[in-house]
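Residue numbering for the sequence shown is 0 to 298, as defined by numbering that gives the first Met the number 0.
Think of the CB as a built atom: it goes at the ideal place given N, C-alpha and C, for glycine as much as any other residue.
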Amino acid sequence: MIASAFLLLSCSFERAIPTPTSTPQPTDTPTPSPIPFQRYGETLTDVTYCTVDNLSQKMDVYFPESGGPWPVLAYVHGGAWIRGDKSETAGFARGMTAQGYLVVSINYRLYPSAKFPDMIEDVKCAIRSLRAHASEYNLDPNRIAAIGASSGGHLVSLLGTSDESAGWDLGEYLDQSSRVQAVVAMAPPTDLTREFPNADMELMRHVGTGQVNFAEASPITYVTVDDPPFLLIHGTRDAVVPYEQSRLMYDRLVQTNVPAQLVTVQNGDHALIAPDGSATPTLGEINQIILDFLAKYLK
């Protein structure tokens, strides 16, 4: 359901117009040109970012049509930690490349083959892998934002608040940091110590975490003053993840002096929309809020 919001969000992105390049003039002493970047406008699918227990973890990489090194937008899909796929955000990703972002969409291990903290370990490895391949992808390793919705919002919130001391930086590229410079979390579970009214979400709160201490799996537990800026977006009529989950996180961030913005979608459900069209702000307005937030902290 939350994927539909991304699909609609992607429709409102305007295609960027490439900047014309000037015609080179002949000179007496030609200067050798650097090797041109070969992947403008391309999409690489099923790129292995890390290997865990002999299983390759995959991501898709969407390249802008010009420029670089680009800021990065790392998308983490939702699906209650049991389903979902990196392909669901293709339209959103192409819209963001038109705005000058390199976009990666990350798959990660899912329940029941995986339990917490396997999911966040994978996402952190993906960020480290991006930094290790910064030159190859023509990306700026110092400008990486993470975006996710629902359980994906939970994971990007953990990504934003936890550092190496959490013990989740395992596997490859350990010489690279998994910290990000900005977080956009839509309808995220942030405090798993609280019960959820939705039966499916309440079940996954238990099995998806492997019966660990719920506080250990909660992004709100790890908030510190050095965390990156957060943009939280949540509907007041969300029957899956209560609106209070973003409110609690926002309050904790502000109390800790972390830059934070909470967008309250009046009448919005888990997908940030309302059947009668009464949700405000609209998806188009939310889209602009996201762009403004990213421009402020990444560009």
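Report task. On the DSSP bridge assignment, give the partners of Trp69 in chain order. Result -> Leu138
**Report entry** For Thr96, three-class secondary structure by DSSP
**Finding:** Three-state DSSP puts Thr96 in a helix.
Report task. Give the C-beta separation of Val183 and Ile289 to the nearest angstrom, bearing in mind that I take them to be a contact with Cβ-Cβ under 8 Å. Result -> 6 Å
Query - C-alpha gap between Ala278 and Arg93, whole angstroms - result: 25 Å
Report task. Kindly indicate which residue of Ile285, Arg108 and Tyr221 has the alpha-carbon position closest to the one of Ser322. Result -> Because the chain in this structure spans residues 0 to 298, residue 322 falls outside the shown range and cannot be described.
Report task. Whole angstroms is fine: what's the gap from Tyr100's alpha carbon to Lys57's? Result -> 20 Å
Requested in this report: With a threshold of 16 other CB atoms inside 10 Å of the CB of Thr28, please say whether the residue is buried or exposed.
Outcome: Legend: pLDDT at Thr28 = 43, less than 50; position of this residue unreliable, value from coordinates given subsequently. Thr28 is exposed by the Cβ-count criterion.
Query - Option in Glu41, Thr189 and Ala144 with minimal Cα separation from Leu293 - result: Ala144
**Report entry** Exposure label - Ala216; buried when at least 16 CB within 10 Å
**Finding:** buried
Query raised in the report: Residues bridged to Ser55 by DSSP?
Result: According to DSSP, Ser55 shares a beta bridge with Thr50.
Query raised in the report: Rounded to a whole number of angstroms, what is the C-alpha to C-alpha distance between Glu64 and Pro70?
Result: 14 Å
Query raised in the report: By Cβ distance, which residues of its chain are closer than 6 Å to Leu191, with the 5 residues on each side in sequence left out?
Result: Same-chain partners within the cutoff: Arg204, Phe213, Ala216 and Ser217.
Query raised in the report: Is DSSP giving Ala259 helix, strand or coil here?
Result: strand
Query raised in the report: Which residue spans inside the segment 104-153 form an unbroken beta strand (DSSP E) run of at least 3?
Result: 138-148
Report task. Using the Cα positions of Arg38 and Leu138, report the straight-line distance between them to the nearest angstrom. Result -> 12 Å
Report task. Using the Cα positions of Thr88 and Gly78, report the straight-line distance between them to the nearest angstrom. Result -> 13 Å
Query raised in the report: Considering only the beta carbon of each residue, do Gln260 and Thr235 sit closer than 8 Å?
Result: In this structure, Thr235 does not lie closer than 8 Å to Gln260 by Cβ.
**Report entry** Segment limits, beta strand (DSSP E) that includes Ala184
**Finding:** Ala181 to Met185
Query raised in the report: Leaving out five residues before and five after Ser151 in sequence, what residues of the same chain have Cβ atoms less than 6 Å from its Cβ?
Result: In the sequence as displayed, the identity of residue 151 is Gly instead of Ser. When the five nearest sequence neighbours on each side are left out, the beta carbons in the same chain lying within less than 6 Å of the beta carbon of Gly151 are those of Val75, His76 and Gly77, in order along the chain.
Query raised in the report: Short check: CB of Phe229 to CB of Gly159, under 8 Å?
Result: yes
Requested in this report: Can you tell me which of the three DSSP states Leu230 falls into?
Outcome: strand
Query raised in the report: Does DSSP classify Gln175 as helix, strand or coil?
Result: Residue state, collapsed to three classes: coil.
**Report entry** Segment limits, alpha helix (DSSP H) that includes Ile288
**Finding:** Leu282 to Leu297
Query - Assumed close pair Leu297, Ile285 - CB separation to whole angstroms, cut-off 8 Å - result: Wrong, their Cβ atoms sit about 18 Å apart, outside the cutoff.
Query raised in the report: Which residues share a DSSP beta bridge with Thr160?
Result: The bridge partners DSSP lists for Thr160 come to none.
Query raised in the report: The alpha helix (DSSP H) with Gln37 in it runs from where to where?
Result: Element bounds for Gln37: n/a, residue is neither H nor E.
Requested in this report: With a threshold of 16 other CB atoms inside 10 Å of the CB of Val257, please say whether the residue is buried or exposed.
Outcome: buried
**Report entry** For Arg130 and Asn141, the rounded distance between their alpha carbons
**Finding:** Going by C-alpha positions, Asn141 is about 9 Å away from Arg130.
Query - Beta carbon of Asp168 nearer than 8 Å to that of Lys123 - result: One thing to note: Asp168 has its Cβ within 8 Å of the Cβ of Lys123.
Report task. Please report how far the alpha carbon of Leu72 lies from the alpha carbon of Val240, in whole angstroms. Result -> 24 Å
Report task. Determine the burial state of Asp237: buried for a count of at least 16 other Cβ atoms within 10 Å of its Cβ, exposed for fewer. Result -> Buried, since its Cβ has 16 or more Cβ neighbours within 10 Å.
Query raised in the report: Of the choices Phe115, Gln244, Pro68 and Ala133, whose alpha-carbon is the least far from that of Tyr48?
Result: Ala133
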